[in-house]
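Chemist:
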Amino acid sequence: MAERVLEVTGVRVERRGRVVVEVDRLAIDRGELVAVVGPNGAGKSTLLHAIGTLLPCRAGALRLFGRDVRDASTLLGLRRRCGFVFQSPSLLRGTVFDNVAAGLVFRGVGREETRSRVRRSLRDLGCDDLALRRARSLSGGETQRVCLAQALAFDPELLLLDEPVSALDRATRGATLVSLRRMARERGMTAVLVSHDFDDVLSFADRAVALTGGRVAQDAAPQALMRRPASLPVARLVGMDNILPCTVERTGARATVHVAGLRYVAAGAVPEGATHACFPGDAVVPLRSEVLDPGVVPVTAVVRQLVQGVGSCLVVLDAEGTALSMRLGRADALDVVEGELVQVGLDTRAAHFI
0 MAERVLEVTG
10 VRVERRGRVV
20 VEVDRLAIDR
30 GELVAVVGPN
40 GAGKSTLLHA
50 IGTLLPCRAG
60 ALRLFGRDVR
70 DASTLLGLRR
80 RCGFVFQSPS
90 LLRGTVFDNV
100 AAGLVFRGVG
110 REETRSRVRR
120 SLRDLGCDDL
130 ALRRARSLSG
140 GETQRVCLAQ
150 ALAFDPELLL
160 LDEPVSALDR
170 ATRGATLVSL
180 RRMARERGMT
190 AVLVSHDFDD
200 VLSFADRAVA
210 LTGGRVAQDA
220 APQALMRRPA
230 SLPVARLVGM
240 DNILPCTVER
250 TGARATVHVA
260 GLRYVAAGAV
270 PEGATHACFP
280 GDAVVPLRSE
290 VLDPGVVPVT
300 AVVRQLVQGV
310 GSCLVVLDAE
320 GTALSMRLGR
330 ADALDVVEGE
340 LVQVGLDTRA
350 AHFI
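FYI, the numbering for the sequence shown is 0 to 353, going by numbering that gives the first Met the number 0.
1. Would you say the segment 121-128 touches the segment 59-76, given that touching needs at least three Cβ pairs under 8 Å?
2. Near residue 349, which residues of its chain fall below 7 Å by C-beta distance, leaving aside the five closest residues on each side in sequence?
3. First and last residue of the beta strand (DSSP E) that includes residue 107?
4. The beta strand (DSSP E) that contains residue 307, what's its start and end?
5. Note down, one range per segment and in chain order, each alpha helix (DSSP H) of at least 4 residues found wholly within the segment 187-215.
6. Tell me residue 285's beta-bridge partners as DSSP assigns them.
7. I'd like to know if residue 263 contacts chain B, where contact means its C-beta is closer than 8 Å to some C-beta of that chain.
8. Which of the three DSSP states is assigned to residue 124 in this structure?
9. Which residues in the same chain as residue 29 place their Cβ atom closer than 7 Å to its Cβ, once the five residues preceding and following it in sequence are excluded?
10. Among 186, 255, 116 and 328, which residue has its Cα nearest to the Cα of residue 284?
11. Note down, one range per segment and in chain order, each beta strand (DSSP E) of at least 3 residues found wholly within the segment 155-180.
12. Quick check on DSSP: helix, strand or coil for residue 131?
13. Taking residue 137 as part of the alpha helix (DSSP H), name the residues at either end of that continuous run.
14. Where DSSP assigns a beta bridge to residue 257, which residues make up the other side?
15. So what does DSSP say about residue 277, is it helix, strand or coil?
16. Nearest CA to the CA of residue 36: which residue from 312, 205, 245 and 16?
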C-alpha cells in the first residue's frame with residue numbers, strides 16, 4: 000500500500016473572516032504528481048498554503064506524512080520536509096548560488112555536498128549561467144527558475160508549486176514543467192502544482208483536482224477532466240470546445256437528444272437532468288463522403304473564422320445560429336476558406352452530458 004503524504008478531511012480555511020476553501024476529502028500518496036486547477040479566486044493558493052502549514056484550518060483535519068499539523072511540536076519538522084515555490088517569488092541579497100544554497104546551509108549540509116547539489120539544481124533548471132549573478136538583478140522569469148532550483152536543491156519529499164512558471168514565455172513554460180515532472184519522478188518526490196492554465200496540468204500532472212468556489216468539483220486524470228468534465232464550470236475551465244444547450248426526450252430506455260438544431264437518438268446513456276452536451280473539437284469533422292459513420296450526424300455550416308495554432312487550426316463555424324468549433328491539422332485546414340458553406344459531421348458518440 001502506498002504511503003499517504005497528505006490527507007485532508009472536512010477542512011475549512013478562512014481569510015479575513017471569509018470562508019475561502021472547504022474540502023471534504025483530499026488524499027495524496029507518495030510519488031503522486033497532482034495539479035490543483037481553477038479560475039482566479041477559486042481558492043487554489045489558499046489550499047496550497049494550508050497544505051504547507053502556512054495558513055491555519057478553522058475546521059477539519061489536515062495530516063502531513065501521517066502527522067496532524069495542529070501538533071505544534073512537529074510543525075517545524077514537517078515544514079523542513081517540504082519545498083515551497085510561491086506565486087510571487089523573491090530572493091535574498093547575494094548571488095544566485097548563495098540563494099539556492101540557503102536551504103541546504105539551514106539544514107546543516109556540508110560545504111562540498113552543498114556545492115554539488117546547487118550546481119546540479121541550477122543545471123537541471125537551465126540556470127548554470129546565472130550562478131554568480133546578483134539575485135536581485137534577475138528578471139521575473141529568471142527569478143522563478145532560480146526559486147525552483149532553490150526548492151529542488153534539498154530534494155524535498157513534498158514539493159508545493161504555486162503558479163511556478165507564470166512569468167515564463169509559453170515555450171519555456173512547457174519545457175520547464177516537463178523537466179520538473181522528470182526530476183520529481185527521478186527523485187521520488189510528491190508534488191502539488193497550482194495553476195489556472197490547463198496546459199500546465201497536461202505538461203506536469205498525472206491527476207487533476209478542479210477547484211471551483213473553494214470546493215473540489217472533480218478529482219480525476221487530466222484527460223478525464225478534458226473529455227468528461229463533471230460540471231459546466233469545469234467544462235469551461237478545461238476549454239471544452241463545444242458546450243451546447245440540449246433537451247432530451249425519453250421513451251423507455253431510449254433518449255432522443257435535441258442539440259444545435261439536430262435531433263438524434265443517443266447511442267449511450269444520458270443522465271437525468273442533462274441540460275448541456277459537450278463535444279471536443281475533434282468530434283466535429285469535415286465530411287468527405289456521402290457515406291456516414293454510425294453516430295455521425297451531418298451539419299451544414301458557414302466558416303466564420305480560422306484561428307491558427309501550433310500544429311493545428313481551430314475552425315469556428317456557424318450552424319444556423321449555433322457556434323461550433325472544429326479542430327484540424329494545419330494541412331487539413333489549407334482548403335478551408337472563411338465565408339464558405341461547408342458540410343461537417345458531428346460525432347454524437349463523443350458527446351458528454353452535463
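We treat Cβ as the ideally placed atom computed from N, Cα and C, and that holds for glycine.
Small disclaimer: the values here were computed from a predicted structure and weren't measured.
Modeler: On the basis of the data shown:
1. no
2. 278, 279 and 282
3. Element bounds for residue 107: n/a, residue is neither H nor E.
4. 295-307
5. 197-203
6. 343
7. Of the protein chains in the structure, only one exists, and it is not chain B.
8. coil
9. 1, 2, 4 and 189
10. 328
11. 157-161
12. coil
13. Neither: residue 137 is in no alpha helix (DSSP H) and is coded neither H nor E.
14. 246 and 262
15. strand
16. 205
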